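The next block holds one structure in the form of structure tokens; read it before the comments.
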Amino acid sequence: MSSECVPVLIIGSGPAGYTAAIYAARADLKPVMISGSEPGGQLMWTTDVENYPGFKDVIQGPWLMEEMKAQALHMGTKFIEDRITRVDVTKRPFECEGESGKIYKSKALIIATGAQAKWLGLESEEKFRGYGVSGCAVCDGFFFKNKEVVVIGGGNTAVEEALYLTRHASLVTVIHRRDSFRAEKILQDKLFKNDKIKVLWNSEVEEILGGDDPFLHVTGVCVKDTDTQKRTTLPCKGVFVAIGHRPQTDLFTTILRLDAHNYIEVEPGTTKTSVPGVFAAGDVTDKVYRQAVTAAGLGCMAALEAAAYLDE
Ligand code: NDP
Numbered sequence: 629m630s631s632e633c634v635p636v637l638i639i640g641s642g643p644a645g646y647t648a649a650i651y652a653a654r655a656d657l658k659p660v661m662i663s664g665s666e667p668g669g670q671l672m673w674t675t676d677v678e679n680y681p682g683f684k685d686v687i688q689g690p691w692l693m694e695e696m697k698a699q700a701l702h703m704g705t706k707f708i709e710d711r712i713t714r715v716d717v718t719k720r721p722f723e724c725e726g727e728s729g730k731i732y733k734s735k736a737l738i739i740a741t742g743a744q745a746k747w748l749g750l751e752s753e754e755k756f757r758g759y760g761v762s763g764c765a766v767c768d769g770f771f772f773k774n775k776e777v778v779v780i781g782g783g784n785t786a787v788e789e790a791l792y793l794t795r796h797a798s799l800v801t802v803i804h805r806r807d808s809f810r811a812e813k814i815l816q817d818k819l820f821k822n823d824k825i826k827v828l829w830n831s832e833v834e835e836i837l838g839g840d841d842p843f844l845h846v847t848g849v850c851v852k853d854t855d856t857q858k859r860t861t862l863p864c865k866g867v868f869v870a871i872g873h874r875p876q877t878d879l880f881t882t883i884l885r886l887d888a889h890n891y892i893e894v895e896p897g898t899t900k901t902s903v904p905g906v907f908a909a910g911d912v913t914d915k916v917y918r919q920a921v922t923a924a925g926l927g928c929m930a931a932l933e934a935a936a937y938l939d940e
């Protein structure tokens, strides 16, 4: 089943995708957005959002995504619930095949498939997500003013998150499964100099502890020392899991240039990928900031760059 060729196809429906859709629609590019399997993206898993500009009062992540969707539709975006399973950028127009069997053809393509935080895979972690367990210190750190928190991981993200959290928390304990960090030395130096941060080496979090509904909140973590196998309970109010992110780029590994961590490479300062006419925006290309507002900014850039490409 093949559809007509449209000027711009957007894959993914997070802040980057919706913002690209709003700008592309306003440029009269009649964008078609393919939602993906988790419409709304990572913000659908977030509760309180306090750092998206324009809202003085706290808003909810899913509500923000509904509003973005409504705005994109209102501007004239065609929204299709489907999941792209194959992309061919060797053909012009580009061809994307959906799970539905439908073929979508477009002159320009904006990829906004996002990334997913990696989680430990504990049942208790799932239970307390949004209730003390977080994957983003910049988003949720503020809620832990003068409280004790833990950060799990040993890479750049974990160390940066721990440093960031010292602005709010009274004590940050970094729990790492080995006896050295893989984070850059300059970040490690900052961390070791900060007396609000403690490190628990050779330690694994086995369970996140806390109260049950209607008092769902974290009270501590059960930690196993991997040398001695001894288990201890560490009281804390917040758990920040920082063990890496997985950009959703499986569809593009052989057709676009990716970096060593599988993020889509773009020309610096732009959203242009290694294939002219294909643009990448949001967390699928950004491993540094990973914020809704930066994703939205990149979505805007992708739409404007797609418009300029089509004008050429
Ligand atoms: P990394 O993959 O670099 O680090 C993940 C960390 O989590 C590792 O220390 C790893 O342990 C640990 N880990 C992984 N799985 C588990 C698990 N199941 N249980 C416990 N611990 C686990 O991810 P990052 O997100 O830190 O960084 C990804 C990339 O992004 C890197 O290239 C990084 O440099 C870059 N980045 C750059 C930033 C910047 O430039 N400002 C900011 C943030 C990230 P182990 O070490 O034992 O494998």
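Basically this note's numbering = 1-based index in the sequence shown + 628.
For each residue, glycine too, the CB sits at the ideal point set by N, CA and C.
A quick note: this is a predicted structure, and the numbers were derived from the prediction, not measured.
Taking all protein chains shown into account, His-873 has 16 or more neighbouring C-beta atoms within 10 Å of its C-beta and is therefore buried. It is roughly 12 Å from the alpha-carbon of Met-693 to the alpha-carbon of Glu-666. When C-alpha distances from Ile-738 are compared across Glu-940, Ala-936, Leu-938, Ala-931, the shortest belongs to Ala-931. For Pro-681, the closest of Glu-709, Ile-712, Pro-643, Ala-648 by C-alpha to C-alpha distance is Pro-643. Membership of Cys-767 in the alpha helix (DSSP H) is indicated by the continuous run 765–768. Look at Asn-890: its beta carbon is at least 7 Å from all of the heavy atoms in the ligand NDP. Rounded to whole angstroms, the separation of the alpha carbons of Lys-746 and Gly-689 is 19 Å. Collapsing the DSSP output to three states places Cys-928 in a helix.
Under the DSSP definition of a beta bridge, Tyr-732 partners with Cys-724.
Every residue whose beta carbon comes nearer than 7 Å to a heavy atom of the ligand NDP appears here in chain order: Lys-746, Leu-748, Ile-780, Gly-781, Gly-782, Gly-783, Asn-784, Thr-785, Ala-786, Glu-788, His-804, Arg-805, Arg-806, Phe-809, Arg-810, Ala-811, Glu-812, Glu-832, Ala-870, Ile-871, Gly-872, His-873, His-889, Lys-915, Val-916. Under the DSSP assignment, Phe-707 falls in the beta strand (DSSP E) whose first and last residues are 706–708.
Assignment of His-889 by DSSP, reduced to helix, strand and coil, places it in the coil class. Between Lys-818 and Leu-791, the alpha-carbon positions lie close to 8 Å from each other. Take the alpha-carbon of Val-717 and the one of Val-787: they are about 38 Å apart. Just measuring C-alpha positions, the residue of Phe-820, Thr-801, Asn-830 sitting nearest Asp-807 is Asn-830. Ranked by Cα distance from Glu-776, the options Gly-839, Gln-670, Lys-826 are led by Lys-826. Ranked by how close their Cα comes to the Cα of Ile-892, the residues Tyr-759, Val-921, Val-802, Gly-742 have Gly-742 in first place.
Under the DSSP assignment, Pro-875 falls outside any alpha helix (DSSP H), being part of the beta strand (DSSP E) whose first and last residues are 873–875.
A distance below 8 Å separates the beta carbons of Ala-648 and Gly-927. Pairing Leu-837 with Asn-822, the inter-Cα distance amounts to about 27 Å. In this chain, Ala-811 is not harboured by any beta strand (DSSP E), its DSSP state being neither H nor E.
DSSP, reduced to helix, strand and coil, places Leu-938 within a helical segment of the structure shown. Assigned with DSSP and collapsed to three states, Phe-756 falls in coil, not helix or strand. Sequence-distant Cβ neighbours of Lys-900 in its own chain, meaning closer than 7 Å and more than five residues away, are Val-894, Phe-907, Glu-933.
Nearest neighbour of Gly-645 by Cα position, chosen from Val-766, Val-849, Gly-910, turns out to be Gly-910.
The three-state reading of DSSP puts Pro-863 in strand, counting E and B together.
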